Amino acid sequence: MDPTPPEDRTWDTWDYFAYWICDAFSISIWEQGSSMVAVGLNWKLSIVCVSIGFFIMGIIISINGVIGARLRIPFPLIIRSSFGIFFSWITVISRCILAIFWLGVGAVTGGQSMQQLINAIWPSFWNVPDHLPDNIGMTTAGTHIRWFFRFKSIIAPVVMIAIMGTTVHSADVSAGDTPLLTDANPLHGSLLAWSFLANHNSCLGSYAMLGVNIPDFSRYSKSLRTQWWQAFHILAIFTVVTILGIMTAAVSEPLYEEIVDNWRSPRGRAGAAFVSIGLAIAQIGMNVSANSISAANDLVSIFPKYINIRRGQIIAAFISCWAFVPWEILAKVCHSPPFRLGPISAMMMADYYIIKGRKLSVPQLYDPKGIYSYGNVYGINWRAALAMFIGFVPPLPGLINTINTTIPVSTGAIHLFDIGYLYSFFMAGTIYVILSKVFPAKETLCEMDFGERHDHESSHSDEKAEA
Numbered sequence: 190m191d192p193t194p195p196e197d198r199t200w201d202t203w204d205y206f207a208y209w210i211c212d213a214f215s216i217s218i219w220e221q222g223s224s225m226v227a228v229g230l231n232w233k234l235s236i237v238c239v240s241i242g243f244f245i246m247g248i249i250i251s252i253n254g255v256i257g258a259r260l261r262i263p264f265p266l267i268i269r270s271s272f273g274i275f276f277s278w279i280t281v282i283s284r285c286i287l288a289i290f291w292l293g294v295g296a297v298t299g300g301q302s303m304q305q306l307i308n309a310i311w312p313s314f315w316n317v318p319d320h321l322p323d324n325i326g327m328t329t330a331g332t333h334i335r336w337f338f339r340f341k342s343i344i345a346p347v348v349m350i351a352i353m354g355t356t357v358h359s360a361d362v363s364a365g366d367t368p369l370l371t372d373a374n375p376l377h378g379s380l381l382a383w384s385f386l387a388n389h390n391s392c393l394g395s396y397a398m399l400g401v402n403i404p405d406f407s408r409y410s411k412s413l414r415t416q417w418w419q420a421f422h423i424l425a426i427f428t429v430v431t432i433l434g435i436m437t438a439a440v441s442e443p444l445y446e447e448i449v450d451n452w453r454s455p456r457g458r459a460g461a462a463f464v465s466i467g468l469a470i471a472q473i474g475m476n477v478s479a480n481s482i483s484a485a486n487d488l489v490s491i492f493p494k495y496i497n498i499r500r501g502q503i504i505a506a507f508i509s510c511w512a513f514v515p516w517e518i519l520a521k522v523c524h525s526p527p528f529r530l531g532p533i534s535a536m537m538m539a540d541y542y543i544i545k546g547r548k549l550s551v552p553q554l555y556d557p558k559g560i561y562s563y564g565n566v567y568g569i570n571w572r573a574a575l576a577m578f579i580g581f582v583p584p585l586p587g588l589i590n591t592i593n594t595t596i597p598v599s600t601g602a603i604h605l606f607d608i609g610y611l612y613s614f615f616m617a618g619t620i621y622v623i624l625s626k627v628f629p630a631k632e633t634l635c636e637m638d639f640g641e642r643h644d645h646e647s648s649h650s651d652e653k654a655e656a
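With the numbering used here applied, the sequence shown covers 190 to 656.
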């Protein structure tokens, strides 16, 4: 949890580029694009939807990434500036739970790739007797890090492009003179509009966690320039991956007479032997970078005397794969609520750039009785607590209805949930800024900018490199 020493600031632009390829070329992002076609959006609207979503998320990640790159500290420390020393634990625990949630789901998804590989090699695996109860949700049959990011950034794109190319070629041969892609929308009017917004919200929510925890990685960057390039990397890379999924799903309809948004059918078994290994590698890379490290960082910040990064990853893996029963989550709940992290990301951004004017006292972030205790024994910034409540609570009824449709809620509540991330982000951020300006916590406003020395060093090194 200490500031990153100079010798560990080794990540350059290409490392982050490989990192985002590692994250983007995964089964979950592929299925996000293809599922939009499955729920009624045509291929053009699906591409527009993901492009807007990842453009917004790229901006958020870049802006918050600069904070970690300047201060050289992880998210659990940065968030203490806005929430208070002890109230920040709420945000850390919330992110930890969400990271463990997705770690389990990602593990199950990667496990399905390995299952398809075994099925393709030994078809008898399909017929392994199931000795587990029906209500268990699973069967007996299913029972230094930069180098890996670079390795996966080569393997995963090749596999996914091959999947799309094979499908498009087969569909073209099968369709004859019939156009492979059509502009027709099964949905119309308000149904189409809200379906678009809900899928857009899903794009934002899929990487809402990295909008919060990007300082965990940006603290290792060589210079601030690498952070601003991330916005372009995210928009380009994630849009390309979702387009691969969108195009594959869209052109598969004339080939298979249905929209295919996964490769679990018997017809895909032959190709599964070749692509499952690549997809499993892709899923491992995404799970490590986006979920495992994030959960471990949070556990370290909560129990610093007993847990390090490696122990945290092991604990998170056990909890995610067994206590959370991720195969049931994957079968019954398509996603976790993205609005949970919207307020945290917005307030972290607003606090650093608007309220504190990019001036934080890093030593005080380690002091439980320092200025970021906000003058009370509980270490709570009531402004952040109120803004969090206003941003988090209103979309909850829509979430409840999504999990259990038998619980009646109003149409407005459902629509608010469909735009939950945007609502929570802008509402919480706006309320926090207003409260902090009207009722300023003057003791937390510093004159010294801890990042000035780093800015000078980064600029000097950049100029030296260019020369």
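Every residue, glycine too, gets a C-beta built ideally from N, C-alpha and C. Keep in mind it's a predicted model, so treat the numbers as computed, not measured.
Is DSSP giving residue i helix, strand or coil here?
i      : result
Ser283 : helix
Ser215 : coil
Ser509 : helix
Ser412 : coil
Trp336 : Because the pLDDT at Trp336 is just 49, under 50, the model does not fix this residue reliably, and the value given afterwards should be weighed accordingly. Here Trp336 sits in helix by DSSP.
Asp197 : helix
Asn593 : coil
Lys626 : helix
Val566 : coil
His389 : helix
Ser302 : helix
Asp607 : helix
Arg500 : helix
Ile560 : helix
Pro552 : helix
Arg529 : helix
Ile620 : helix
Lys494 : coil
Leu266 : helix
Comparing C-alpha positions only, which one of the options sits nearest to residue i?
i      : options                           : result
Ser224 : Ala512, Leu433, Ala506 and Ile543 : Leu433
Ser625 : Ala602, Pro584, Ile543 and Ile589 : Ile543
Gly295 : Phe513, Tyr541 and Ala617         : Phe513
Ile286 : Ile504, Val429, Ile218 and Phe206 : Ile504
Ile508 : Pro532, Asn480 and Ser379         : Asn480
Cys667 : Gln419, Tyr495, Asn388 and Leu488 : In the structure as shown, the chain begins at 190 and stops at 656. Residue 667 is therefore absent and cannot be evaluated.
Ser534 : Lys494, Ser270 and Gly229         : Ser270
Asn209 : Leu399, Leu292 and Ile307         : At residue 209 the sequence reads Trp, which differs from the Asn that was named. Checked all of Leu399, Leu292 and Ile307; the closest Cα to Trp209 is Leu399.
Lys548 : Leu260, Trp200 and Ile596         : Leu260
Met475 : Ser215, Asp201, Pro192 and Asn486 : Ser215
Gln502 : Thr600, Gln553, Leu488 and Phe492 : Leu488
Ala602 : Asp204, Trp383 and Pro493         : Trp383
Ala484 : Gly222, Gly254, Cys211 and Ile282 : Ile282
Ala397 : Met303, Arg284 and Thr415         : Arg284
Leu380 : His604, Ile241 and Ala207         : His604
Tyr233 : Gly394, Gln553, Asp405 and Phe385 : According to the sequence provided, residue 233 is Lys. The question's Tyr does not apply to it. When only C-alpha atoms are compared, the closest one is Phe385.
Thr415 : Phe615, Val255, Thr595 and Thr594 : Val255
Ser302 : Asn565, Ile466, Phe290 and Val477 : Ile466
Pro584 : Tyr610, Ala573, Glu196 and Val566 : Tyr610
Trp200 : Asn231, Lys411 and Trp291         : Lys411
Thr437 : Ala227, Val477, Ile491 and Asn486 : Ala227
Tyr567 : Ile236, Asn231, Ile248 and Trp278 : Trp278
Asn390 : Pro597, Met616, Met246 and Gln304 : Met246
Since I believe residue j is in contact with residue i (beta carbons under 8 Å), could you give me their beta-carbon distance rounded to a whole number of angstroms?
i      : j      : result
Ile579 : Ile608 : About 15 Å separates the two Cβ atoms, so there is no contact after all.
Ser251 : Gln419 : 5 Å
Thr280 : Ile268 : 5 Å
Ile403 : Gly257 : 6 Å
Phe606 : Gly587 : 2 Å
Pro629 : Ala576 : With 8 Å as the limit, Pro629 and Ala576 do not qualify as a contact, their Cβ atoms being about 15 Å apart.
Cys510 : Gly242 : Rounded, the Cβ-Cβ distance is 29 Å, inconsistent with contact.
Pro263 : Arg408 : 6 Å
Met537 : Asn253 : 6 Å
Arg529 : Phe492 : Actually they do not touch by this definition, with Cβ atoms about 22 Å apart.
Report all residues from its chain with a CB closer than 6 Å to the CB of residue i; omit the five preceding and five following residues, and keep chain order.
i      : result
Ile569 : Gly273 and Phe276
Ser550 : Cys635
Phe244 : Leu424
His422 : Phe206 and Trp209
Ile496 : Leu488 and Val489
Ser240 : Thr428
Phe614 : Gly531 and Ala535
Quick one: does residue i have its CB under 8 Å from some CB of chain B?
i      : result
Ile608 : Chain labels in this structure do not include chain B; a single protein chain is all it has.
Beta-carbon within less than 7 Å of residue i's beta-carbon, same chain only, minus the 5 sequence neighbours each way: which residues are those?
i      : result
Ala213 : Ile426, Phe427 and Val430
Tyr561 : Arg269, Ser270, Gly273, Ile274, Gln553, Leu554 and Thr633
Gly564 : Glu632
Just checking residue i against the ligand ATP - is the residue's beta carbon closer than 7 Å to any of the ligand's heavy atoms?
i      : result
Phe628 : No copy of the ligand ATP occurs in the structure displayed, which carries no ligand at all.
In chain order, what residues of the same chain lie with their CB nearer than 8 Å to the CB of residue i, ignoring the 5 residues before and after it?
i      : result
Ser599 : Pro586
Ile623 : none
Considering only residues of the segment 199-247, which uninterrupted alpha helix (DSSP H) runs meet the minimum length of 4 residues and lie entirely inside it, listed in chain order?
-> Scanning the segment 199-247 for uninterrupted alpha helix (DSSP H) segments of 4 residues or longer gives 202-213 and 216-227, listed from N- to C-terminal end.
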